[in-house]
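In the working numbering, the protein residues as written are 1 to 220.
Here's the structure, in structure tokens; my notes come after.
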Ligand code: SF4
């Protein structure tokens, strides 16, 4: 069987592929947009689709063009399949939003750099959402791990999911500084990675062991 092109997802026509470049926290630049547009034109991309994970998918590439497209883009693969942290979504927070109570982009960037795309670290697909205030535009309660800024510090939430078995995440700590929130998120990821079953997502892991046991594992 021929090897799949790098970072490519076979489409339902069984002939063409989608690629999803890594766009940390969905923050774009004119240069990224120009590169995406150029590649889309050059390789006759059929659909340019904004994904729910704040990324842009180029859909409908021929297999022989996938590697060329990656080379032209000079961007990393944004994992859309596989057992790893796929993305960290975040709202603008205090960078621009008038409601912001915390630097959601700053906190999210640190988590993103540490975990996104690292294979063999995480037992299942994992998504993280960081919101700059309680309005929760980054869907923090519906992500495997979430953080929400309040006037008195960060809340950290685990076990959310918006998929076929939806679950509202559990609050495990609040009133955290930026550094404390980052440290706790890392601890949650590491504890989950070490103690869950293969392919068991965070919400299912939390349900299986119980939120109090999870808290004990990461807050002790
Ligand atoms: S969650 Fe709050 S800070 Fe973030 S974009 Fe929404 S309203 Fe603004």
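Think of the CB as a built atom: it goes at the ideal place given N, C-alpha and C, for glycine as much as any other residue.
At a cut-off of 7 Å, the beta-carbon of residue 135 counts as near ligand 1: some heavy atom of the ligand is closer than that.
In terms of Cβ geometry, residue 79 and residue 17 do not form a close pair [threshold 8 Å]. Note on geometry: alpha-carbon atoms of residue 144 and residue 193 lie some 12 Å from one another. For residue 84, the Cβ stays outside the 7 Å cut-off from all heavy atoms of ligand 1. Within 10 angstroms of the beta-carbon of residue 55 lie 16 or more other beta-carbons, which makes it buried. Each of 87, 119, 158 was checked against the Cα of residue 24, and the nearest Cα belongs to 87.
For residue 93, the shortest C-beta to heavy atom distance toward ligand 1 is below 7 Å. Only residues of its own chain outside the window of five on either side were considered, and among them 72 have a CB closer than 8 Å to the CB of residue 38, listed in chain order. Selection 13, 176, 199, 117 evaluated against residue 219 yields 176 as nearest (Cα-Cα). Per DSSP, the continuous alpha helix (DSSP H) segment holding residue 191 begins and ends at 178-195. If you ignore the 5 residues before and after residue 153, its C-beta comes within less than 7 Å of the C-beta of 174, 175, 176, 177, all in its own chain and listed in chain order.
Straight-line measurement puts the Cα of residue 99 at about 34 Å from the Cα of residue 124. Ligand 1 has no heavy atom closer than 7 Å to the beta-carbon of residue 162.
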